[in-house]
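Q: Before we start, here is the structure in question, set down as structure tokens.
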Amino acid sequence: MENPRPEKAAVVAEVKERLGAADAVLITEYRGLTVRELAGLRNAMRPAGGEYKVYKNTLVRIAARELGINLDDVLVGPTALALITAAPDGTPADIASVAKAVLDFAKTQPLLVLKGGVLGQNVLDANGAKALASLPTAAEVYARLAGAINGNARGLASVVSGVHRSLAYVLQAAIDAKVFAEGDAPAPTADAAAPAADEPAAEAASADEVAVAAAESAPDSDTPTAAIDAADESEN
Numbered sequence: 130m131e132n133p134r135p136e137k138a139a140v141v142a143e144v145k146e147r148l149g150a151a152d153a154v155l156i157t158e159y160r161g162l163t164v165r166e167l168a169g170l171r172n173a174m175r176p177a178g179g180e181y182k183v184y185k186n187t188l189v190r191i192a193a194r195e196l197g198i199n200l201d202d203v204l205v206g207p208t209a210l211a212l213i214t215a216a217p218d219g220t221p222a223d224i225a226s227v228a229k230a231v232l233d234f235a236k237t238q239p240l241l242v243l244k245g246g247v248l249g250q251n252v253l254d255a256n257g258a259k260a261l262a263s264l265p266t267a268a269e270v271y272a273r274l275a276g277a278i279n280g281n282a283r284g285l286a287s288v289v290s291g292v293h294r295s296l297a298y299v300l301q302a303a304i305d306a307k308v309f310a311e312g313d314a315p316a317p318t319a320d321a322a323a324p325a326a327d328e329p330a331a332e333a334a335s336a337d338e339v340a341v342a343a344a345e346s347a348p349d350s351d352t353p354t355a356a357i358d359a360a361d362e363s364e365n
């Protein structure tokens, strides 16, 4: 269905807009979970900027392709997207907290399967998506920044550099584990490639030297898309 009907085209446009605005996306299969259980997942990820949406796989596939992203391998079975987006006031998305919320939920509800994700233009498989949970959370970053601000410029530079390295290491680990779809892996960063022995030098660098890293199948499942979204609306 590469040329959807007008009513479907509107959904494709919505999905494309949401995917384009998201800092990261986690792709899950929810087969067998109830509306109440999924509402619990939504509530867990919402404070960190996560939004859980169910769309038909064909429409997500079209929207992703229009953004230059190929999700064919992960859009199988009843699929829902955890969209992680910055707040309207500019507050950065807390990717790690949302990823942790999804993984914690999956521990108690094993029917939820994390199948992959998207980070920027990079498609992640399940291991790559799980690696996002190892990033520092927003609360951890703020705490470290507050301590550095009360210290000195060198301390602030060290904190920001450390956050950058954390992301670089996650991406490098994902590359090494071949969790990116072929051709989608980003180039290794200098921080990720540097040996651990070089870290003190990075921490001693000045602030000016720091680089700042800035449901197609839903009708066949036990949790219809309309019921899930209706339950979510009733909570707000």
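With this note's numbering applied, the sequence shown has no gaps in its numbers, which climb one by one up to 365 at the end.
All C-beta atoms, glycine included, are put in the ideal place defined by N, C-alpha and C.
What is the residue span of the beta strand (DSSP E) that A153 lies within?
A: 153-158 is the span of the beta strand (DSSP E), which, as asked, contains A153.
Q: How far does the alpha helix (DSSP H) with N251 in it extend, from its first residue to its last?
A: Note, N251: premise wrong, no alpha helix (DSSP H); beta strand (DSSP E) at 251-254.
Q: CB-CB under 7 Å to E158, same chain, minus the five flanking residues each way: which ones, in chain order?
A: These residues qualify, in order along the chain: G206, P207, T208, V242, K244.
Q: Is L204 closer than 8 Å to V189 when the C-beta atoms are compared?
A: In contact: V189 and L204 (Cβ atoms closer than 8 Å).
Q: Please go through the same chain and pick out, in chain order, the residues whose beta-carbon is closer than 7 Å to the beta-carbon of I224, but skip the five residues on each side of it.
A: For I224, where only same-chain residues beyond five positions count, the Cβ hits under 7 Å are D152, A153, I213, L261, L264.
Q: Looking at the strands, I want to know which residues DSSP matches up with G246.
A: In DSSP, G246 forms a bridge with L155, L253.
Q: What three-state label does DSSP hand K185 in the structure shown?
A: DSSP places K185 in coil when its eight states are reduced to three.
Q: Among the candidates R134, A139, N251, P239, whose CA atom is the shortest distance from the CA of E166?
A: Minimum Cα distance to E166 is reached at P239.
Q: Considering only the beta carbon of each residue, do A235 and G178 sit closer than 8 Å?
A: Their beta carbons are not under 8 Å apart, which means A235 does not touch G178 by this criterion.
Q: Terminal residues of the continuous beta strand (DSSP E) containing L148?
A: It is not in any beta strand (DSSP E) - L148 instead sits in the alpha helix (DSSP H) that spans 135-150.
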